[in-house]
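Visitor: Position one of the sequence shown corresponds to residue 859 (the numbering used here), numbered consecutively onward.
Ideal Cβ positions, reconstructed from N, Cα and C, are used throughout, including at glycine.
Please read all numbers here as calculations on a predicted model, not as lab measurements.
After the structure tokens below, expect a handful of questions from me.
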Amino acid sequence: MVMKKIKICALYLTFGNVENAENVITFLLERELIACANIIRNITSFFEWEGKIQKNEEVLVFIKTSESNYDEVVNAVKDLHQYDLPCILKMPISDGDSDFVNWVLEQCK
859 MVMKKIKICA
869 LYLTFGNVEN
879 AENVITFLLE
889 RELIACANII
899 RNITSFFEWE
909 GKIQKNEEVL
919 VFIKTSESNY
929 DEVVNAVKDL
939 HQYDLPCILK
949 MPISDGDSDF
959 VNWVLEQCK
């Protein structure tokens, strides 16, 4: 059985505050680079930065976009993000409801 390649992906991003997350999401939506995004508030992130253990309150963002828009989305996020090194992780989608997948692709230029 041959699997059909799904042409969308999800991105996992963290932001230091809701305002920066909303600004980035709005920018991406206005340019039709993403279909939608979800903000999950009040997460606590632990990490090492510059030799010290850090604990920060952040917001988590999931973005759904087309594979073809991935590079442009990443570049825009890097330009608009408040962090010097933003967390940007691509999660390939192996399967999904065809109606939703098609909607994502239609929303993205």
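1. Would I901 be called buried (16 or more neighbouring beta carbons within 10 Å of its own) or exposed?
2. Excluding five sequence neighbours on each side, which residues of the same chain lie with their C-beta closer than 7 Å to the C-beta of P950?
3. Buried or exposed for L943, going by 16 or more other Cβ atoms inside 10 Å?
4. In this structure, how does DSSP classify K965 when only helix, strand and coil are distinguished?
5. What is the rounded straight-line gap between the Cα of I911 and the Cα of S956?
Guide: Walking through what the data contain:
1. exposed
2. C867
3. Counting Cβ neighbours within 10 Å, L943 comes out exposed, since fewer than 16 surround it.
4. A quick correction: the sequence has Gln, not Lys, at residue 965. Helix, per DSSP.
5. 43 Å
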